[in-house]
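Residue numbers (the numbering used here): 12 to 249.
Think of the CB as a built atom: it goes at the ideal place given N, C-alpha and C, for glycine as much as any other residue.
Below is one structure, written out as structure tokens; comments come after it.
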Amino acid sequence: MKLEQQLHDLRLQGMMKRWESLKESKQLQGLSLLEGFGLLLQAESELRYNRKKERLIKQASFRYQASLNEVAYLPERELDKTTIGMLSDGSYIDKGDFVLITGATGCGKSFLATALGQQACTQGFKTQYISIKKMFNQLKIARIEGTYIKHVERISKQQLLIIDDFGLVPIDQQQAVDLMEIIEDRHGKQATIVASQLPVSTWYDIIPDSTIADAILDRIIHTAIRIELKGESLRKKK
């Protein structure tokens, strides 16, 4: 059996493509066994990494594409490069930290949250991006269909959960309970990014039940990494 067929049968697509490339370019003659094997392993590793990254990005359901390399550090935004650099290494995800991104409409909150999410995907972290309105709608449907517990468990297993548009729509009593359960499941275990156009100081008023508000915000606010974007809308500038 030819080597190409064996690689195909073993589903080593990266190694097979590199092997064929080396044969076509006639580079095999100048390589030692160790060098050639190293190149094949590297090709397989790169292919699997790229496939995993693409799968994680697809599963995350980002609203749009964004990269940390595209983040604008305009003076008026007061965006700290050191903070973004610290977040870019993914250590906050390992620690299960909360990240709060606030600022006026159009200042780039969703873009930054998405950029951090896509960075997490490149680092192999299972990520989910969702607006809070969509999250509540999904939980409502899951409760009707009898799959609520399973749905909450799936959310709790995300290594990074990005909740966008927090405070954009009113939260009712049941939604407050749902949010508390999700936050409780993730607290100190899995990382969460919350993006909101409302300042953190007003979040208490968004949640109808004061006891639930205390429980949620006590877990979110005190140890969270905060990013407050300032300046006028980037959309207007465009």
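(Q) Considering only their Cβ atoms, is the gap separating A206 from I68 smaller than 8 angstroms? (A) Position 57 of the sequence shown, counted from the start, is the residue given in the question as residue 68. Position 195 of the sequence shown, counted from the start, is the residue given in the question as residue 206. Going by C-beta atoms, I68 is not nearer than 8 angstroms to A206.
Q) Could you give the distance in angstroms between the alpha-carbon of G11 and the alpha-carbon of I174? A) No statement about residue 11 is possible, as the shown extent of the chain runs from 12 to 249 and does not include it.
(Q) Tell me the DSSP secondary structure of L172 in three-state form. (A) As a first step, residue 172 is located in the sequence shown; it is residue number 161 there, counting from the start. Correct three-state label for L172: strand.
(Q) So, at 8 angstroms on beta carbons, what are the nonlocal neighbours of R59 in its own chain, with the 5 sequence-adjacent residues on each side left out? (A) Looking up residue 59 in the sequence shown gives position 48. Closer than 8 angstroms at Cβ, skipping near neighbours: G25.
Q. What separation, rounded to the nearest whole angstrom, lies between the Cα atoms of T234 and Q53?
A. As a first step, residue 234 must be located in the sequence shown, where it is residue number 223. As a first step, residue 53 must be located in the sequence shown, where it is residue number 42. When rounded, the distance between both Cα atoms is 40 angstroms.
Q. Among M191, T203, A202 and A153, which residue has its Cα nearest to the Cα of Y215?
A. Here the question's residue 215 lines up with position 204 in the sequence shown. Measuring from the Cα of Y215, the nearest candidate turns out to be M191.
Q | DSSP state of R154 mapped onto helix, strand, coil | A | Stepping through the sequence shown from its first residue, residue 154 is reached at position 143. Here R154 sits in helix by DSSP.
Q | Nearest-angstrom beta carbon gap, L171 and R131 [assumed within contact, 8 angstroms] | A | Here the question's residue 131 lines up with position 120 in the sequence shown. Here the question's residue 171 lines up with position 160 in the sequence shown. Strictly speaking, residue 131 in this sequence is Ala, with Arg absent from that position. Yes, they are in contact, since the Cβ atoms of A131 and L171 sit about 5 angstroms apart, within 8 angstroms.
(Q) On a Cα-Cα basis, can you pick out the residue from T222, I194, T158 and I232 that is closest to Q210? (A) Locating residue 210 in the sequence shown gives position 199, counting from the first residue. Just to set this straight, residue 210 is Pro in the shown sequence, not Gln. Residue I232 is the option with its Cα nearest to P210.
Q: Verify whether the separation of the beta carbon atoms of Q186 and Q139 is less than 8 angstroms.
A: Within the sequence shown, the letter at position 175 stands for residue 186. Within the sequence shown, the letter at position 128 stands for residue 139. Taking 8 angstroms as the Cβ cut-off, Q186 and Q139 do not qualify as a contacting pair.
Q) Roughly how many angstroms lie between the CA atoms of G157 and M146, to the nearest whole one? A) As a working mapping, residue 157 is identified with position 146 in the sequence shown. As a working mapping, residue 146 is identified with position 135 in the sequence shown. Looking at the two C-alpha atoms, the distance is approximately 16 angstroms.
Q. Going by alpha carbons, who is nearest to S72 out of L240, K137, L150 and G47?
A. Along the sequence shown, one-based indexing puts residue 72 at 61. The candidate whose alpha carbon is nearest that of S72 is K137.
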